[in-house]
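Okay, structure first, notes after.
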Amino acid sequence: MAILIENLIADELRKSAPDLTKESGQGFIMPIEGRLGSGFGPRKHPIFGTMRQHNGVDIGCVRGQPIWAAKAGKVLFAGWKNGYGNVVLIEHEGPVVTVYAHQEEVNVSSGYRIDKGEVLGRCGSTGWSTGPHLHFELRSGGEAKDPMIVLPG
Numbered sequence: 122m123a124i125l126i127e128n129l130i131a132d133e134l135r136k137s138a139p140d141l142t143k144e145s146g147q148g149f150i151m152p153i154e155g156r157l158g159s160g161f162g163p164r165k166h167p168i169f170g171t172m173r174q175h176n177g178v179d180i181g182c183v184r185g186q187p188i189w190a191a192k193a194g195k196v197l198f199a200g201w202k203n204g205y206g207n208v209v210l211i212e213h214e215g216p217v218v219t220v221y222a223h224q225e226e227v228n229v230s231s232g233y234r235i236d237k238g239e240v241l242g243r244c245g246s247t248g249w250s251t252g253p254h255l256h257f258e259l260r261s262g263g264e265a266k267d268p269m270i271v272l273p274g
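Residue numbers 122 to 274, in my numbering, belong to the letters of the sequence shown in order.
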């Protein structure tokens, strides 16, 4: 199942990779209210203790707090995926995919068309997580990009 999801992401994102900037990323909102924790880039993994690439940003939140779709799109996957725990993947125009991981509760299913700002799940600490937070990724052309290039603020 994990390989299938990875292949799905890679195939969809290789089609056409937009050049993402604050301007091209207009229309994105913050997926949750909270304090930015770990940023994008190399870091010492909090569980494994080794240096690894962190492919997203972590936003601290209260367990059960609503998580919103950062932009309208189609849910590609909603369910359990190893280290991500309960995770939702949304495809947006571009194609760009956003990833919302470590959720306590997922409120959408694959194929669902979601609006910007619609609740897709609830903050939690599932998968490889050390406490309640949202791990948020932005993927374009099959590659992880720093989500802060499109998020407001």
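Where is the CB? At the ideal position from N, CA and C, for every residue including glycine.
{"query": "Sequence-distant residues of its chain with Cβ nearer than 6 Å to Asp299 (five each side left out)", "result": "This structure cannot speak to residue 299, because the chain is shown only from 122 to 274."}
{"query": "Cut-off 6 Å between Cβ atoms - residues of its own chain near Gly155, not counting five sequence neighbours on either side", "result": "Ile180, Gly181, Cys182"}
{"query": "Cβ-Cβ separation, Ile188 to Val240 (assumed contact under 8 Å), whole Å", "result": "7 Å"}
{"query": "Distance, Ala193 Cα to Ile235 Cα", "result": "5 Å"}
{"query": "Per-residue burial, Pro268 [other beta carbons within 10 Å of its own, 16 or more giving buried]", "result": "buried"}
{"query": "Alpha carbon of Leu210 to alpha carbon of Pro152, nearest angstrom", "result": "13 Å"}
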